[in-house]
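Numbering (full-length UniProt numbering), first residue to last: 1 to 271.
C-beta atoms are modelled at their ideal positions from N, C-alpha and C, and glycine is treated no differently.
These figures come from a predicted structure and were not determined experimentally.
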Amino acid sequence: MASPTRARTTLPGANRPVAKTAGHWLLASIGKTVLRPGGRETTQWLLDHIGIPGSTVVEFAPGLGITAREILDRGPRRYVGVDSDAQAVTTVSALLPAGDHQVIEASAEHTSLPAGCADAVLGEAMLTMHTDRRKLEIMREAARLLRPGGVYAIHEMGLTPVDLSPGTKDEIRRALARSIRVNARPLTIPEWVALADEAGFQVTDTYRTSMSLLDPRRMIADEGLLGTVRIIGNVLRRPEVRRRVLAMRRVFTTHRDHLLGVGFILTRRAE
Ligand SMILES: C[S@@+](CC[C@H](N)C(=O)[O-])C[C@H]1O[C@@H](n2cnc3c(N)ncnc32)[C@H](O)[C@@H]1O
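#1: Tell me whether the beta-carbon of His238 lies closer than 9 Å to the beta-carbon of Ser179.
#2: Following the continuous beta strand (DSSP E) through Ser210, name the residue where it begins and the one where it ends.
#3: What is the DSSP secondary structure of Glu124, counted as helix, strand or coil?
#4: Please enumerate, following chain order, all residues with a beta carbon closer than 5 Å to at least one heavy atom belonging to ligand 1.
#5: Apart from the five residues just before and just after Pro148, which ones in its own chain have a Cβ nearer than 7 Å to its Cβ?
#6: What is the C-beta distance between Val162 and Pro186, in whole angstroms, given that I count them as a contact (C-beta under 8 Å)?
#7: Name the residue from Leu213, Leu176 and Val121 whose alpha carbon lies nearest to the alpha carbon of Leu145.
#8: Grab me the residues of Ala199's own chain with a C-beta within less than 7 Å of its C-beta, minus the 5 sequence neighbours each way, in chain order.
#9: Looking at the unbroken alpha helix (DSSP H) that takes in His24, where does it start and where does it end?
#10: For Gln202, count neighbouring C-beta atoms within 10 Å of its own C-beta (all shown protein chains included) and say buried if the count is 16 or more, exposed if not.
#11: Between which two residues does the beta strand (DSSP E) holding Pro166 run?
#12: Is it a yes or a no for the stretch 65-74 touching the stretch 164-176, going by three-plus beta-carbon pairs under 8 Å?
#13: Taking all protein chains shown into account, do 16 or more other C-beta atoms lie within 10 angstroms of the C-beta of Leu236, making it buried, or fewer, making it exposed?
#14: Compute the Euclidean distance between the alpha carbons of Asp100 and Lys169, then round it to the nearest angstrom.
#15: Using only CA atoms, which one of Lys20, Tyr79 and Val34 lies nearest to Pro53?
#16: For the candidate residues Ile265, Ser210 and Asp215, whose alpha-carbon lies nearest to that of Asp257?
#17: Once you ignore the five residues that flank Met248 on each side, which residues in its own chain have a CB closer than 7 Å to its CB?
#18: What does DSSP give as the partner residue(s) for His155 in the beta ladder?
#19: Kindly indicate the opening and closing residues of the beta strand (DSSP E) around residue 340.
#20: What does a CB cutoff of less than 6 Å around Thr5 pick up in its chain, not counting 5 residues either side in sequence?
#21: Specify the secondary structure class of Leu195 as computed by DSSP and reduced to three states.
#22: Could you give the DSSP three-state label for Pro97: helix, strand or coil?
#23: Suppose the cutoff is 7 Å on Cβ atoms and the five residues either side in sequence are ignored; what does the same chain contact list for Ala184 look like?
#24: From what residue to what residue does the beta strand (DSSP E) around Val57 run?
#25: For Leu159, is the classification buried or exposed, using 16 other Cβ atoms within 10 angstroms of its Cβ as the cut-off for buried?
#26: If we ignore side chains and look at the alpha-carbon of each, how far apart do Leu246 and Val18 end up?
#27: Flag this pair as yes or no: are the beta carbons of Arg36 and Glu124 separated by less than 9 Å?
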């Protein structure tokens, strides 16, 4: 496995005011490389289930390119990254080895890639950031890109239990929006499954884990001991960043019983 790159000059989110920066770019600015709710363990689970060697893999929203490196290490015939952030495109393009690989600046809901071009589409920590309508558009685009029988692997934020009251869901969504400055809309597992069904997929496999992005144990598992020490040092040195990171952590901790990291392997249904 390639080691994560931690120091970049073209880091997405760099130069944005701390108070307004989206939580994922704020965390990236202090050296956090894994920006997904279910951590590396969920990513590994997804990668093990999509059959990468010799395949064409489209990744929606590669961000810092941490998962892109792992996909490329597994020997796809072709890798195509699609990110709407120009800096992310530059960052991930710089990681591509020689071969039939590319990263394009586009929205995942309208990639302009040809229909049926992919064996697998993967997307992590990006559907949750969108309204349910936009989630569906992105999932339909994944279905359009996949050959029949192709798989769509997603890693997102979940809510639990399945009968969580609408009031608590709203409270969690508001707290997330206030702290991470992104209108995050996590869903329960049946809600994710219903959206996938509407987009033309059946669920082949599901993974669930805690949403402990900023817990020490998960941080060490995701970033290594040295990486974690470096991140903590960066937080301590920058008071404005520290306030924001602690506010995010408080929200994750307060709602820990209702938040999940979820992974799904979705298979495109035959028409
Ligand atoms: C939280 S980061 C996740 C990055 C990466 N997938 C990871 O897990 O580390 C969100 C990324 O999604 C990208 N993004 C969000 N919405 C998008 C969309 N509709 N189309 C393409 N990229 C999108 C952002 O530009 C950013 O790079």
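So, from the data block:
#1: Residue identity check: residue 238 is Arg in the sequence provided, not His. Cβ distance not < 9 Å, so Arg238 and Ser179 don't count as in contact.
#2: Phe201 to Ser210
#3: strand
#4: His24, Leu35, Arg36, Ala61, Gly63, Asp83, Ser84, Asp85, Ala88, Ser107, Ala108, Glu124, Ala125 and Met126
#5: The answer, listed in chain order, is Arg268 and Ala270.
#6: About 13 Å; that fails the 8 Å criterion.
#7: Val121
#8: Closer than 7 Å at Cβ, skipping near neighbours: Leu136, Met139, Arg140 and Ala143.
#9: Gly23 to Ser29
#10: exposed
#11: That residue, Pro166, is in no beta strand (DSSP E); its alpha helix (DSSP H) goes Pro166 to Ile180.
#12: Between the stretch 65-74 and the stretch 164-176 there are fewer than three C-beta pairs closer than 8 Å, too few to call the two in contact.
#13: exposed
#14: In a straight line, the C-alpha of Asp100 is about 43 Å away from that of Lys169.
#15: Among Lys20, Tyr79 and Val34, the Cα nearest to that of Pro53 is on Tyr79.
#16: Ser210
#17: Gly23, Ser179, Ile180 and Leu214
#18: Here His155 is bridged, per DSSP, to Glu124 and Gly263.
#19: Given that the chain is displayed from residue 1 to residue 271, the structure contains no residue 340 and the question cannot be resolved.
#20: Caution applies to Thr5, whose pLDDT of 39 falls short of 50 and renders its modelled position unreliable; the value that the coordinates give is listed next. Closer than 6 Å at the Cβ level, and outside the excluded window around Thr5, lies no residue.
#21: helix
#22: coil
#23: Cβ neighbours of Ala184 within its own chain (closer than 7 Å, five residues either side excluded): Thr128, Met129, Met157, Arg173, Leu176 and Ala177.
#24: Thr56 to Phe60
#25: Here Leu159 is buried, its C-beta having at least 16 other C-beta atoms within 10 Å.
#26: 13 Å
#27: yes
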